[in-house]
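Undergrad: Residue numbers (the working numbering), protein chains in the order written: chain V, 488 to 623; chain E, 10 to 494. The beta-carbon is built from N, C-alpha and C at its ideal position, and this holds for glycine as well. Computed from a predicted structure; not experimentally measured.
Next up, the structure:
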């Protein structure tokens, strides 16, 4: 099954991600986001961060999930590639995220993402599909 | 993406109206500045739906406006201007965007193209080396604990105090590079953590540094007041914003607004338009945090300006004074400001959102630098890497029609993916070099996304702004070397 596909948007960029369940779609959305940012083949799984988020609904959870990962990328320069979502509910998520700190000598960064946005943000519980547009 | 097929009425050669009867809930009409040539592209996407959606917001006055570089954004269209009454209107972080105070500045020089071209490769290498750019770059500025709060309050003045630039730079920066009413206690720890290591970095995407040459002057007198004296004169551009700090402020407050909207009985057609009353506690907190992010961006551009000047003087073997490296002006593209405007013959306090739009105040306005009092505020409109950029001046007509606003750039024509399919980064590099434009870029795919062909010709955009009278053409420049973030 396809993990994610890019959505074209004039000024920005977005993606639709799929999963066996909604948690899987959230994990694949994060993977897709970091695939836009960097060549993930070059990234090892050596750094891990536990992320826990509580929000009012699934849409806000998706927004906050992706933006929290961008926060770690900005502050700790970690490029994440593996997302193990251990707990997942309508407004709750707990995950172990693995990746590696950016190393200019080995990693190729591609497109910067400023933020996930609420524009066209969708969480389809029936199809286990999520959609998000990024400000790039 | 379906074509937009809403209601649109031609007003004149430069203005189209979306009547509020198009969608129940629109409080005012939409007004789009464009022409027959550019309109078909605008209709291919959903930007005009976004103009109509913004017209729903409480307290909006005049029109939901779209500048000539309008394109499809998130929530608000890019190139959108919306003014809300402070008394009963709203403020929306989506109407400012994630890159708060993304903006551009331009410095003049005393040098001409023939003096700079022989050293252009060394010069652009030196600038590329001096200014950290691209994704993942860290700044050279080390802030002591708590010092970020000073940056957020003082903006450019903090930078000048640290030796980055001079006090004349403050006079020629919008808001003097220091927006009042900034309160660092309204900025989250996360935002400060993101901003602290990134101060003094260009970032990526459409951010750039450019060495350009004046290639046409339209208004000699106005140009002279701005220090633009001759064709061939070398100019330096800096375009960047508030980095992760601004993005986090926007994230934080969109969430606050979504949670608070029900309390104020506000409903919006797109969550990205989340808003609260300007006068509410949440609205005031956002404005105080947004001003901090704006000040951070001005401090950022001020530090970068200093390094560009140093690199320029070193390579050209000239002192800063002899080089005449004066800041013509610095404008912000993404901001919300409380301003006085005349509405139905009465002066009202408005919260003017400019999302990918530039302030365009006329001659005589008290908020513009004294040296421009008789000519109007300089407006800087960067184009793409391969073609031209423009310097315009603000007009009275902009005050009457657009709350003193105009366009901010070329506006994208192609998606980033389409641009990458059309040409590789290497192709783009080669074709620009063939045109005599040196490029330094951190990322080749990033460069492909920013190919000139991905943008509208900024000349078309400026023709509409000038034709409609919401700004006046003063001069045009062409790039000879560009650093892409």
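(1) Do the segment 439 to 448 of chain E and the segment 359 to 379 of chain E touch if we need at least three Cβ pairs shorter than 8 Å?
(2) Based on the DSSP secondary-structure assignment, which residues constitute the bridge partners of residue 584(V)?
(3) How is the alpha helix (DSSP H) around residue 80(E) delimited, first residue to last?
(4) Could you please tell me which residues of the segment 72 to 96 of chain E, in chain order, have their CB closer than 7 Å to any CB of chain V?
(5) Say whether chain E places a C-beta atom closer than 8 Å to the C-beta of residue 541(V).
(6) For residue 253(E), which option in 13(E), 439(E), 146(E) and 39(E) has the closest C-alpha, if you only look at C-alpha atoms?
(7) Along the segment 177 to 211 of chain E, where does the CB come closer than 8 Å to a CB of chain V? Name the residues.
(8) Does any CB atom of chain V fall closer than 8 Å to the CB of residue 213(E)?
(9) With contact counted as at least three CB pairs below 8 Å, one residue from each stretch, are the segment 447 to 456 of chain E and the segment 100 to 110 of chain E in contact?
(10) At 9 Å on the CB atoms, spell out the chain V contacts of residue 342(E), in chain order.
(11) For residue 555(V) and residue 524(V), what's the separation of their Cα atoms in angstroms?
(12) What are the residues in the segment 576 to 599 of chain V lying within 9 Å of chain E by C-beta distance?
(13) Using the three-state DSSP reduction, which class does residue 153(E) fall into: helix, strand or coil?
(14) What's the C-alpha gap between residue 616(V) and residue 490(V)?
(15) Taking C-beta pairs closer than 9 Å, name the residues in chain E that residue 548(V) reaches, listed in chain order.
(16) For the alpha helix (DSSP H) containing residue 450(E), name the first residue and the last one.
(17) Which of the residues in the segment 494 to 514 of chain V, read from start to end, lie with their CB under 7 Å from any CB of chain E?
(18) Report all residues from its chain with a CB closer than 8 Å to the CB of residue 456(E); omit the five preceding and five following residues, and keep chain order.
(19) Can you check the segment 58 to 142 of chain E for any alpha helix (DSSP H) of at least 4 residues that lies completely inside it and give the ranges in chain order?
(20) Whole-angstrom Cβ separation of residue 568(V) and residue 532(V), contact assumed at under 8 Å?
(21) Assuming residue 60(E) contacts residue 27(E) under a Cβ cut-off of 8 Å, what Cβ separation, rounded to an integer in Å, is found between them?
(22) Would you identify the three-state DSSP class for residue 555(V), choosing helix, strand or coil?
(23) Kindly indicate which residue of 428(E), 429(E), 460(E) and 417(E) has the alpha-carbon position closest to the one of residue 480(E).
(24) Alpha carbon to alpha carbon, how far is residue 362(E) from residue 422(E)?
(25) Would DSSP call residue 13(E) helix, strand or coil?
(26) Let me know the beta strand (DSSP E) ranges lying completely inside the segment 147 to 202 of chain E, each 3 residues or longer, listed in chain order.
(27) In chain order, what residues of the same chain have a beta carbon less than 8 Å from the beta carbon of residue 335(E), not counting five sequence neighbours either side?
(28) Rounded to whole angstroms, what is the Cα-Cα separation between residue 208(E) and residue 622(V)?
(29) Does the structure place the segment 220 to 228 of chain E close enough to the segment 270 to 280 of chain E that three or more beta carbon pairs sit under 8 Å?
TA: From the atom records:
(1) Cβ pair count under 8 Å is below three, so no.
(2) Residue numbering aside, residue 584(V) sits at position 97 when the first chain is read from its first letter. Answer is 536(V) and 570(V).
(3) Numbered from its first residue, the second chain carries residue 80(E) at position 71. From DSSP, residue 80(E) is part of no alpha helix (DSSP H) but of the beta strand (DSSP E) over 69 to 80.
(4) Within the segment 72 to 96 of chain E, those residues whose Cβ lies closer than 7 Å to any Cβ of chain V are, in chain order, 80, 81, 82, 83, 84 and 87.
(5) Here residue 541(V) refers to the residue found at position 54 of the first chain. It does not; no Cβ of chain E falls within 8 Å.
(6) In the second chain, counting from the first residue as 1, residue 253(E) sits at position 244. Of the listed residues, the one whose Cα sits closest to residue 253(E) is 146(E).
(7) Listed in chain order, the positions of the segment 177 to 211 of chain E with a beta carbon within less than 8 Å of a beta carbon of chain V are 199, 202, 203, 206 and 207.
(8) Looking up residue 213(E) in the second chain gives position 204. Chain V contact via Cβ: present.
(9) As far as the Cβ criterion goes, the segment 447 to 456 of chain E does not touch the segment 100 to 110 of chain E, which means the pair count is below three.
(10) Counting from 1 along the second chain, the entry for residue 342(E) is found at position 333. Simply none; closest approach about 13 Å.
(11) The residue you call residue 555(V) lines up with position 68 of the first chain. The residue you call residue 524(V) lines up with position 37 of the first chain. One C-alpha to the other measures close to 15 Å.
(12) Answer set for the segment 576 to 599 of chain V: 589, 591, 594, 595, 596, 597, 598 and 599.
(13) Translated into positions along the second chain, residue 153(E) becomes position 144. Three-state DSSP puts residue 153(E) in coil, outside helix and strand.
(14) The residue given as residue 616(V) occupies position 129 in the first chain. The residue given as residue 490(V) occupies position 3 in the first chain. Across the structure, residue 616(V) and residue 490(V) are spaced so that their CA atoms are roughly 10 Å apart.
(15) Within the first chain, residue 548(V) is the residue found at index 61, counting from 1. One finds nothing in chain E with a Cβ atom closer than 9 Å to the Cβ of residue 548(V); even the nearest lies about 11 Å away.
(16) Residue numbering aside, residue 450(E) sits at position 441 when the second chain is read from its first letter. No alpha helix (DSSP H) holds residue 450(E); the beta strand (DSSP E) holding it covers 447 to 450.
(17) Answer set for the segment 494 to 514 of chain V: 495, 496, 497, 498, 499 and 500.
(18) Locating residue 456(E) in the second chain gives position 447, where the first residue counts as 1. Excluding five sequence positions before and after residue 456(E), the CB atoms of its chain that fall closer than 8 Å to its own CB belong to 434, 437, 438, 448, 450 and 493, given in chain order.
(19) Qualifying alpha helix (DSSP H) stretches, in chain order: 122 to 125 and 129 to 139.
(20) As a working mapping, residue 568(V) is identified with position 81 in the first chain. As a working mapping, residue 532(V) is identified with position 45 in the first chain. Confirmed, Cβ separation roughly 7 Å.
(21) Along the second chain, read from residue 1 onward, the residue named residue 60(E) stands at position 51. Along the second chain, read from residue 1 onward, the residue named residue 27(E) stands at position 18. Sure, about 6 Å apart at Cβ, within 8 Å.
(22) Looking up residue 555(V) in the first chain gives position 68. Three-state DSSP puts residue 555(V) in a helix.
(23) On the second chain, residue 480(E) is found 471 positions in, with the first residue counted as 1. Ranked by how close their Cα comes to the Cα of residue 480(E), the residues 428(E), 429(E), 460(E) and 417(E) have 417(E) in first place.
(24) To locate residue 362(E), count along the second chain from 1; it is residue 353. To locate residue 422(E), count along the second chain from 1; it is residue 413. The alpha-carbon of residue 362(E) is positioned some 23 Å away from that of residue 422(E).
(25) As a working note, residue 13(E) is residue 4 in the second chain. Coil at residue 13(E), not helix or strand.
(26) Assignment of beta strand (DSSP E) within the segment 147 to 202 of chain E, counting only whole runs of 3 or more residues, yields no such run.
(27) Mapped onto the second chain, residue 335(E) falls at position 326. In chain order, 116, 117, 177, 181 and 236 place their CB closer than 8 Å to the CB of residue 335(E), counting only its own chain and leaving out the 5 sequence neighbours on each side.
(28) Position 199 of the second chain, counted from the first residue, corresponds to residue 208(E). Position 135 of the first chain, counted from the first residue, corresponds to residue 622(V). The straight-line gap separating the alpha-carbon atoms of residue 208(E) and residue 622(V) is approximately 20 Å.
(29) No, the segment 270 to 280 of chain E is not in contact with the segment 220 to 228 of chain E.
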